[in-house]
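Enquirer: Residue numbers (the numbering used here): 1344 to 1590. Following this message is one structure expressed as structure tokens.
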């Protein structure tokens, strides 16, 4: 029989480490299931129409076990809306990192926003429409993320006006562009006529048109510019808490 000098305690430690890793993996899966259930319910019934027991039932978790992950329904809503905004902010920053031209920056921002809302419609609707239910520090924290995200849009539009690329449409332009793209979450279907990259291109053209984007008097279209890489874009806006297969 082969022998080894490895202490028996070493094997026990390895077993405990594997057990801890397995528990952490189960914990992460359970947390994701709770957030996905909350996204689905909040988007279907609204925050106030959803009870904590509803989330637990859909997620297949005991109500008592939920409190390991969140102390209240409000905390779950905060976590969902925060993840949405963090993904939008990070996705925009990564996509804009090497783009200086205002027209290309606008097209890139529109692509991030449209792709996010097309790929993550339920989480997007929760963040867009149930945000008002947050209160106190939770609301203030998410609001700071929203303000930072919208500031990038405002800065891009101002830069375009300053360089003579855009017409000055005032603050209403930013609101109109964001609202137009946000609506994608309500009607886009993956089995429809357009895939997400094609949809981003269409919205990019509409954004350029709304801003009167031009180069030396010639109106600009997306085909005149560099679009973000579609594979990288979709990777950046992928949201793990989006319920993709329903419940």
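C-beta: ideal position from N, C-alpha, C; glycine also.
Less than 7 Å between the beta carbons of residue 1446 and residue 1556, yes or no?
Expert: Taking 7 Å as the Cβ cut-off, residue 1446 and residue 1556 qualify as a contacting pair.
Enquirer: How close, in whole Å, do the beta carbons of residue 1423 and residue 1469 come, if the pair is a contact with beta carbons under 8 Å?
Expert: With a Cβ gap of about 5 Å, residue 1423 and residue 1469 count as contacting.
Enquirer: If the criterion is Cβ atoms closer than 7 Å, does the pair residue 1579 and residue 1499 meet it?
Expert: No, the Cβ-Cβ distance between residue 1579 and residue 1499 is not below 7 Å.
Enquirer: So residue 1583 and residue 1465 are supposed to be a Cβ contact under 8 Å. How far apart are they, rounded?
Expert: No, residue 1583 and residue 1465 are not in contact; Cβ-Cβ is about 13 Å, not under 8 Å.
Enquirer: Please state the DSSP three-state secondary structure of residue 1582.
Expert: Residue state, collapsed to three classes: coil.
Enquirer: Between residue 1558 and residue 1566, what straight-line distance do the alpha-carbon atoms span, to the nearest angstrom?
Expert: Spanning the two alpha carbons is a distance of roughly 13 Å.
Enquirer: Please name the residue or residues paired with residue 1558 in a DSSP beta bridge.
Expert: Note: residue 1558 sits in a beta bridge opposite 1561.
Enquirer: Less than 7 Å between the beta carbons of residue 1576 and residue 1458, yes or no?
Expert: Yes, they are a contact pair.
Enquirer: With hydrogens ignored, establish whether the beta-carbon of residue 1472 is closer than 6 Å to any heavy atom of the ligand NAD.
Expert: The model depicted lacks the ligand NAD and carries no ligand whatsoever.
Enquirer: With DSSP as the reference, label residue 1510 as helix, strand or coil.
Expert: Three-state result, residue 1510: coil.
Enquirer: So residue 1454 and residue 1427 are supposed to be a Cβ contact under 8 Å. How far apart are they, rounded?
Expert: That pair is no contact at about 17 Å.
Enquirer: By the DSSP assignment, the alpha helix (DSSP H) with residue 1409 in it spans what residues?
Expert: 1406-1409 is the span of the alpha helix (DSSP H), which, as asked, contains residue 1409.
Enquirer: Quick check: residue 1390 and residue 1480, are their CB atoms within less than 7 Å of each other?
Expert: Result no, Cβ atoms of residue 1390 and residue 1480 do not sit closer than 7 Å.
Enquirer: Say whether the segment 1429-1448 touches the segment 1521-1532, bearing in mind that this needs 3 or more beta-carbon pairs closer than 8 Å, one atom from each stretch.
Expert: The answer is no - the segment 1521-1532 does not touch the segment 1429-1448, with fewer than three Cβ pairs under 8 Å.
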